[in-house]
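The numbering used here puts the first residue of the sequence shown at 49, with every later residue one more than the last. For reference, the structure is listed below as structure tokens.
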Amino acid sequence: MHCLGPCVCPLPYALITLPLCAVVKEIQDRKEFLAAMEALGQGKQYRGMILAEISQKLQEMEEIDRSRSEKLRKALATT
Numbered sequence: 049m050h051c052l053g054p055c056v057c058p059l060p061y062a063l064i065t066l067p068l069c070a071v072v073k074e075i076q077d078r079k080e081f082l083a084a085m086e087a088l089g090q091g092k093q094y095r096g097m098i099l100a101e102i103s104q105k106l107q108e109m110e111e112i113d114r115s116r117s118e119k120l121r122k123a124l125a126t127t
């Protein structure tokens with residue numbers, strides 16, 4: 049999933065996808081930071097910390113996905 053800018057989809061869908069988009073951006077930022085540190089020869093110093101943060105963000109994405117799936121299930125059940 050890539051965040052390509054402001055969401056132009058219908059509001060209910062936007063409310064579901066925007067949290068994932070934000071987490072993807074945070075992961076991308078951390079990957080870019082690590083790449084910059086590696087280019088400066090300091091990757092070893094930051095690699096463990098950044099990979100742990102990325103792992104934490106992936107867990108956040110899984111939780112958002114579970115929550116989103118439950119909301120969609122409930123919405124479909126009421127229609």
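Backbone N, C-alpha and C define an ideal beta-carbon position, used for all residues, glycine too. Keep in mind the model is a prediction, meaning the values are calculated, not measured.
State the Cα-Cα distance for the pair residue 110 and residue 122, rounded to the nearest angstrom. Within the sequence shown, the letter at position 62 stands for residue 110. Within the sequence shown, the letter at position 74 stands for residue 122. If I take the Cα positions, the gap works out to 18 angstroms.
Starting from residue 107 and walking both ways along the alpha helix (DSSP H), at which residues does that stretch end? The residue you call residue 107 lines up with position 59 of the sequence shown. Taken as a continuous stretch (DSSP letters only), the alpha helix (DSSP H) holding residue 107 covers 91-125.
Using a Cβ distance threshold of 8 angstroms, determine whether the region 99-119 contacts the region 75-90, with at least three qualifying pairs required. yes
Under the rule that 16 or more other beta-carbon atoms within 10 Å means buried, what is residue 82, buried or exposed? As a first step, residue 82 must be located in the sequence shown, where it is residue number 34. So residue 82 counts as buried.
Once DSSP output is grouped into helix, strand and coil, what is the label at residue 82? Residue mapping note: residue 82 aligns to position 34 of the sequence shown, counting from 1. Residue 82: helix per DSSP, three-state reduction.
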